[in-house]
Amino acid sequence: MRGGISFEGIGFQAATFKAGAGIKALVKEKGRDAVVGVPVVVSGAGTVDLGTDSDTVFGFIDVYEMDGHCTVQFRGFRTDVPIGAIAPTIGKIAAVDGTGKIKDSSSTAKLRNPIFIEVDETEELATVFLG
90 MRGGISFEGI GFQAATFKAG AGIKALVKEK GRDAVVGVPV VVSGAGTVDL
140 GTDSDTVFGF IDVYEMDGHC TVQFRGFRTD VPIGAIAPTI GKIAAVDGTG
190 KIKDSSSTAK LRNPIFIEVD ETEELATVFL G
């Protein structure tokens with residue numbers, strides 16, 4: 090895949106958080122597998138959620154448990170991140186769109202992460218480096 094280059098799983102680190110109301114609503118509507126790879130922000134003490142449009146990504150849901158907790162990848166590369174209608178730009182800072190997808194941040198800050206590494210417009214997925 091991608092000319093023999095794969096970033097999948099490199100530097101992976103994760104922790105368990107409580108899921109916020111937006112994540113729980115998405116699970117109720119589409120099922121728990123629908124939130125795997127979804128970008129999240131820290132929304133409260135020990136809690137993550139979908140955030141609001143243009144919030145900087147904290148991590149991505151790796152596993153959602155039906156008890157209202159989720160494992161969130163907060164470091165490393167993630168290769169199954171859902172993108173919105175407009176493909177993000179490689180090298181740009183990653184932001185949430187508030188609906189469970191990811192987009193370019195409007196920030197012009199020169200942060201090292203999270204940034205887009207690859208974008209597959211056909212599959213509507215991106216690879217993001219979290220740090």
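All you need for the working numbering is the position in the sequence shown, starting with 1, plus 89.
Every residue, glycine too, gets a C-beta built ideally from N, C-alpha and C.
I think residue i touches residue j, with their Cβ atoms under 8 angstroms apart; what is that distance to the nearest whole Å?
i       : j       : result
Cys-159 : Ile-94  : The pair is not a contact, with the Cβ atoms about 29 angstroms apart (cut-off 8 angstroms).
Pro-203 : Leu-214 : Not confirmed; about 15 angstroms, so no contact.
Mind checking residue i: buried by the 16 CB within 10 Å criterion, or exposed?
i       : result
Ser-132 : buried
Gly-100 : exposed
Gly-186 : Checking the sequence shown, residue 186 turns out to be Asp, not Gly. That one is buried.
Go through its chain and collect everything with a Cβ distance to residue i's Cβ below 8 angstroms, but skip five positions before and after it.
i       : result
Ala-104 : Thr-160, Val-161 and Phe-163
Note down the Cα distance separating residue i from residue j, rounded to an integer number of angstroms.
i       : j       : result
Ser-194 : Ala-184 : 5 angstroms
Asp-144 : Thr-216 : 18 angstroms
Lys-192 : Gln-102 : 22 angstroms
Met-90  : Arg-167 : Confidence in Met-90 is poor, its pLDDT being 47 and thus under 50, which makes the residue's placement too unreliable to answer from.
Gly-189 : Lys-117 : 14 angstroms
Val-152 : Pro-171 : 15 angstroms
Val-129 : Arg-121 : 15 angstroms
Note down, in chain order, each residue of its chain lying with its Cβ closer than 7 angstroms to the Cβ of residue i, except the 5 sequence neighbours on either side.
i       : result
Lys-107 : Gly-135, Thr-136, Gly-157 and His-158
Excluding sequence positions up to five away, which residues of its chain have a Cβ less than 6 angstroms from the Cβ of residue i?
i       : result
Glu-207 : Thr-216
task: Run through the stretch 146-216 for me and flag every whole beta strand (DSSP E) of 3 or more residues, listed as ranges in chain order.
output: Runs found: 148-154, 158-164, 166-171, 183-185, 191-193 and 204-209.
Whole runs of the alpha helix (DSSP H) within the stretch 100-135, excluding any shorter than 4 residues: Fully enclosed alpha helix (DSSP H) runs of 4 or longer: 110-119.
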